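**Student:**
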Amino acid sequence: MYGNYSTKKRVQFLRQLLSFSGIEEERLRSRWVSSAEAPEFAAEIKEFIEELRAMGPSPLKARGKTGKAA
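Residue numbers for the sequence shown follow my numbering, beginning at 1290 and rising by one.
1) Identify whether ARG1304 lies in helix, strand or coil by the three-state DSSP scheme.
2) Does the stretch 1310-1323 come into contact with the stretch 1331-1351, if we say contact requires no fewer than three beta-carbon pairs (one atom in each stretch) closer than 8 Å?
3) Going straight from the alpha carbon of GLU1339 to that of GLU1329, what length do you get?
4) Counting only runs that start and end within the stretch 1315-1340, where is the alpha helix (DSSP H) found for 4 or more residues in a row?
5) Would you say VAL1300 and SER1319 are within 8 Å of each other, going by their C-beta atoms?
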């Protein structure tokens, strides 16, 4: 269980960091799915891809090589 707790804390921190950086925190997701749950895993991935597509391109793509907004 320590690994799960540690991962949860890291994901929470990274989501805050993304938000602070101007990137939607919803672009990072962590789910617990057993290796015996292949259909559930596939459904999670499909749902996540659909949500990412709905968000559109990453804000980082709108920035130039200097890191400043275009």
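Yeah, the Cβ is synthetic: ideal placement off N, Cα and C, and Gly gets one too.
Here the structure is a predicted model, which means the values were calculated and not measured.
**Tutor:** Well, looking at it:
1) Three-state result, ARG1304: helix.
2) With a cut-off of 8 Å, the stretch 1331-1351 and the stretch 1310-1323 count as touching, because enough Cβ pairs lie within range.
3) Taking the straight line from one Cα to the other gives about 15 Å.
4) Segments of the alpha helix (DSSP H) lying fully in the stretch 1315-1340: there are none.
5) Yes, Cβ-Cβ distance for VAL1300 and SER1319 is below 8 Å.
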